[in-house]
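What follows is a short report on a single structure.
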Amino acid sequence: MTIDHSHYLILSALLFTIGVMGVLLRRNLIIIFMSIELMLNSVNLALVSISEYLQAPDAQIFVFFVITVAAAEAATGLAIVISLFRQKQTTNIDEVNQLKG
Amino acid sequence: MAHTIIFWILAIMSVVCALGVTLHKNPVVSAVFLIGSFFALAGLYVELHAPFLAAIQIIVYVGAIMVLFVFVMMLLNLGRDPDRFSKETKPRFPKYLALFLLVGLLISFIHLTSFSRALPEAFHGFSIENIATLLFSKYLFPFELLSLLLLIAMVGGVILAKKK
Amino acid sequence: MSNIHFIFYLSPLIILIFTAIFVLLLDVFIQKNNRRLIFSIASLGVIGSAATSLQLWNGDALYLFHEAIRLDKFSLFFTFLSLGLTLLTALSSYPLLQKNNWPLGEYLFFLLSACVGMSLMAWATDLITLFISLEIMSLAVYILTGIERERLTSSEGALKYFLLGAFSTAFLLYGITFIYAATGSTQFSTIAHFLMSSKYTLPPTIYIGLGLLLVGVGFKISAVPFHMWVPDVYEGAPTPITALMATGVKAAGFSALIRLFLVTLSSLKPQWGVIIIGFSILTMTVGNIAALVQNNIKRMLAYSSIAHAGYILIALAAAQETRVFDLATSSILFYLIAYSFMTIGAFTIVSFTQDLNGFGFKHPYLGIAMTIFMLSLIGVPPTVGFMGKFYIFSSALKGGFFWLAIIGIINSVIASYYYLRVLVTLYMKKETDTASSSLSSSLASSLVFNSVLWITAVGTLLVGLFPSSVFKIITKSITALL
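Residue numbers (the working numbering), protein chains in the order written: chain A, 79 to 179; chain B, 5 to 168; chain C, 42 to 523.
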């Protein structure tokens, strides 16, 4: 059985769903952030395989952009976690519940 | 044939590592799993004739982003997670349903689209030159915008995380 | 682009970015008691940017940077709107900045950067540019939400906003990926051309792309069922930033929706039209019903902002009928202006005090202003809120969306209950004696603070009385779209 691009895309869909699962089910903030990174990575995998399928380098440029945005997001998100942690010593999202909702 | 075997090894490795990230109790172990999944993906990029991106993936994700994660974990002195999942009494059924719907829809739609063209043997990917030319011509504007984005992230990180 | 002309075309954005960086640096070098200077420079930058966009208004529409962005009346309209909202937000936060010792230079830097992001979302004619402008806006607003580091709820709001925002960004990005996979381009014009000219069945991946895009954008405009974050984030954020989120961020989201769905993906109307109608009904109804039971005014306004997004979605659904496209799209833009005036005003009063018992007697002028905003939110003539609703419902009726208009009108009637309750609190409850009264009276005499209220209250009334001149400008910017 030969491997074609749909295999890569299905793999990326699986990884994306595992990332969504982590965000929906886990309560530890750091793990939720890592799951979001996983989702962005699955997007990158899809982009690289599409770049090869279409034989166009454009999608590889998008991967650069996604990596940069992921880095910026990680820096901001972790800064927010630290700022929260300084006030309330927890990284469990269920204990972050001052706002009733 | 070799390509098929390599693909399956890397694919299984990435899925196992991804499951490790989301299911393991200890955040530090999760981080190690995430690094494993980054390496597997980098291997897949090489398979897809994008060796430059594979290198970038390792340098930026493993070298910078994961170091940031591990550093924050160290700073916050995180141990094991006693209760992995939410304690809330709300039924978790809708979340599972949403997940199954998402993965089912994604896979079935991808399956319906014909990507039947097998990897061309003659194609050897794009050179760094190709990518750089495109980045500094067609995608110049978004590239410049990224500088503003990084500046915001940098100033924001300092402002939010510094001591009072 | 071989010549240097792009500097001229981009001048509104360049001025904003330079002011932002200048203000950031100036705050480091200047003495702490000279905050007024920094603030004036930032305001001047916004005004200068508005003046240059005014210069560009009469020029022709043109694509820049290989169709990464498009300069036309539509993008300039949204640039004006974001600039105005940024200025009002800056003004209304000025007293709070002085009182609470927030980092002034950084605060203004993020505010101006958010403004760049918001404007660019309307300029973007390429999915990648759109994505990056969205990120610029979102990151700046996440940080602004958490900028009060001494207050736990502010950090908590920032965290929740960030988590949901980053989560939705991933969906949006995955959607962009699939649209690119199906069409082979990220440029709006190429995508539109591909969809229009393709005689064969479209590749199924485009439908995944469409669905994922809707999820991603749904989070940003807080459409039900993607609204869970709104009340907590709006309550936690500093009040002027809440006002910016309810107006500017949402307006930017709608500008992207118009360019992306109504213009670019218009061939896929049969697919997204039904979803938008569903979104609209859910968003109005859930927002209004949840607002009925809120006791905190900020949370009430948060749910009410969800409901107002639902009304705008009615017009978006109606715009899929080609014969009412102009009217419906113009009514979206008009409603965004209307909503901006009344919401910025209402939130400014709330930033002053959240305890409104007997407020109308204690501060008669502020009480009258709040009454105007509430009546406008209900949609009582001659306020701008009435005209906004009138345009939206009439475009829905003309487009044949009879039931949608009826549901919208029923919802407006339900909504009047909780706005009227605010008026009852203003004038019929006994005022509670609080220690903060000396502080609020110093705020009440603050010139900057009052000017925001004057601008918004007069705007609410004037645009409501003379809507046709504003509507003419809006129609011009809509025709520039096609």
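Using N, Cα and C, we set each Cβ at its ideal position, and we do this for glycine too. A quick note: this is a predicted structure, and the numbers were derived from the prediction, not measured.
Residue-chain proximity (residue i, chain B), Cβ-Cβ < 8 Å
{"i": "V144 of chain A", "result": "no"}
{"i": "G187 of chain C", "result": "yes"}
{"i": "L333 of chain C", "result": "no"}
{"i": "L132 of chain A", "result": "no"}
{"i": "I184 of chain C", "result": "yes"}
{"i": "L177 of chain A", "result": "no"}
{"i": "V174 of chain A", "result": "no"}
{"i": "L102 of chain A", "result": "yes"}
{"i": "T210 of chain C", "result": "no"}
{"i": "L180 of chain C", "result": "yes"}
{"i": "Q165 of chain A", "result": "no"}
Min CB distance residue i to chain C below 8 Å
{"i": "T168 of chain A", "result": "no"}
{"i": "I163 of chain B", "result": "yes"}
{"i": "A54 of chain B", "result": "no"}
{"i": "Y49 of chain B", "result": "no"}
{"i": "Y65 of chain B", "result": "no"}
{"i": "I111 of chain B", "result": "no"}
{"i": "H114 of chain B", "result": "The question names His, but residue 114 of chain B in the sequence shown is Ile. Answer yes: the Cβ-Cβ gap between I114 of chain B and chain C drops below 8 Å somewhere."}
{"i": "A35 of chain B", "result": "no"}
{"i": "V141 of chain A", "result": "no"}
{"i": "L162 of chain A", "result": "yes"}
Cβ-Cβ distance between residue i and residue j below 8 Å
{"i": "L180 of chain C", "j": "L149 of chain B", "result": "no"}
{"i": "V339 of chain C", "j": "D273 of chain C", "result": "First, the residue type needs correcting, since residue 339 of chain C is Lys and not Val in the sequence shown. It is not a contact, given that the beta carbons lie outside the stated cut-off."}
{"i": "S84 of chain C", "j": "L128 of chain C", "result": "yes"}
{"i": "S133 of chain C", "j": "T466 of chain C", "result": "no"}
{"i": "V126 of chain A", "j": "Y49 of chain B", "result": "yes"}
{"i": "M159 of chain C", "j": "A293 of chain C", "result": "yes"}
{"i": "V159 of chain A", "j": "T168 of chain A", "result": "no"}
{"i": "T218 of chain C", "j": "A124 of chain A", "result": "yes"}
{"i": "P245 of chain C", "j": "T130 of chain C", "result": "no"}
{"i": "I299 of chain C", "j": "T363 of chain C", "result": "no"}
{"i": "S321 of chain C", "j": "L354 of chain C", "result": "yes"}
{"i": "W525 of chain C", "j": "L205 of chain C", "result": "Not covered by the structure: residue 525 of chain C. The range shown for chain C is 42 to 523."}
{"i": "G328 of chain C", "j": "S308 of chain C", "result": "no"}
{"i": "I96 of chain A", "j": "R104 of chain A", "result": "no"}
Interface flag, residue i vs chain A, CB-CB below 8 Å
{"i": "A476 of chain C", "result": "Reliability of the predicted coordinates at A476 of chain C is poor, the pLDDT of 48 falling under 50, and no value is obtained from them."}
{"i": "I135 of chain B", "result": "yes"}
{"i": "P95 of chain B", "result": "no"}
{"i": "L152 of chain B", "result": "no"}
{"i": "A6 of chain B", "result": "no"}
{"i": "V20 of chain B", "result": "no"}
{"i": "H128 of chain B", "result": "no"}
{"i": "F11 of chain B", "result": "yes"}
{"i": "I69 of chain B", "result": "yes"}
Beta-ladder partner(s) of residue i, from DSSP
{"i": "N170 of chain A", "result": "A:N106"}
{"i": "Q39 of chain C", "result": "Only positions 42 to 523 of chain C appear in the structure, and residue 39 of chain C is not among them; the question remains open."}
{"i": "I110 of chain C", "result": "C:L105 and C:A165"}
Where residue i meets chain E, residues with beta-carbon distance less than 7 Å
{"i": "G160 of chain B", "result": "Although the question refers to chain E, the structure presented lacks it and instead comprises the protein chains A, B and C."}
**Asked** What residues in the stretch 116–128 of chain A bring their beta carbon closer than 7 Å to a beta carbon of chain C?
**Response** M117, L118, V121, A124, L125 and I128
**Message:** Using a Cβ distance threshold of 8 Å, determine whether the stretch 140–149 of chain A contacts the stretch 60–67 of chain B, with at least three qualifying pairs required.
**Reply:** yes
**Prompt:** When the Cβ atoms of the stretch 93–107 of chain C are set against those of the stretch 263–273 of chain C, are three or more pairs found closer than 8 Å?
**Reply:** no
**Prompt:** Quick one: any contact between the stretch 379–399 of chain C and the stretch 413–433 of chain C, if contact means 3 or more CB pairs under 8 Å?
**Reply:** yes
**Request:** Evaluate contact between the stretch 205–212 of chain C and the stretch 228–244 of chain C, counting only Cβ atoms and requiring at least three cross-stretch pairs below 8 Å.
**Result:** no
**Prompt:** Are three or more beta carbon pairs between the stretch 122–133 of chain A and the stretch 180–198 of chain C nearer than 8 Å?
**Reply:** no
**Prompt:** For the stretch 434–448 of chain C against the stretch 489–504 of chain C, are there 3 or more C-beta pairs whose distance is under 8 Å?
**Reply:** no
**Request:** Select from the stretch 212–238 of chain C all residues with a C-beta closer than 7 Å to any C-beta belonging to chain A, and list them in chain order.
**Result:** L214, Y215, T218, Y221, A222 and G225
**Message:** Would the stretch 455–471 of chain C count as touching the stretch 397–410 of chain C if we require 3 or more Cβ pairs under 8 Å?
**Reply:** yes
**Request:** With 8 Å as the limit, tell me which residues of the stretch 143–160 of chain C have their beta carbon closer than that to any beta carbon of chain B; keep them in chain order.
**Result:** P144, E147, F150, F151, S154 and V157
**Against chain A: residues of the stretch 300–323 of chain C by CB proximity under 8 Å** = none
**Message:** Pairs of beta-carbons, one from the stretch 243–255 of chain C and one from the stretch 269–289 of chain C, closer than 8 Å: are there three or more?
**Reply:** no
**Prompt:** Using Cβ-Cβ distances below 9 Å, what residues of the stretch 190–204 of chain C are close to chain B?
**Reply:** R190, E191, S196 and A199
**Request:** Below 8 Å between beta carbons is the criterion; list the residues of the stretch 102–125 of chain C that meet it against any residue of chain B, in chain order.
**Result:** L105, F106, H107, A109 and I110
**Message:** Whether or not the stretch 309–321 of chain C and the stretch 140–149 of chain C are in contact is what I'm after, with contact meaning three or more pairs of Cβ atoms, one per stretch, closer than 8 Å; do they touch?
**Reply:** no
**Prompt:** Is it a yes or a no for the stretch 12–31 of chain B touching the stretch 61–72 of chain C, going by three-plus beta-carbon pairs under 8 Å?
**Reply:** no
**Message:** Check whether the stretch 72–81 of chain C and the stretch 115–125 of chain C are in contact - that is, three or more C-beta pairs closer than 8 Å.
**Reply:** no
**Asked** Any residues in the stretch 166–177 of chain C with a beta carbon nearer than 9 Å to a beta carbon of chain B? Which ones, in chain order?
**Response** D167, I169, T170, F172, I173, S174, E176 and I177
**Message:** At a CB distance below 8 Å, what residues from the stretch 53–65 of chain C approach chain B? Give them in sequence order.
**Reply:** I58, I62 and L65
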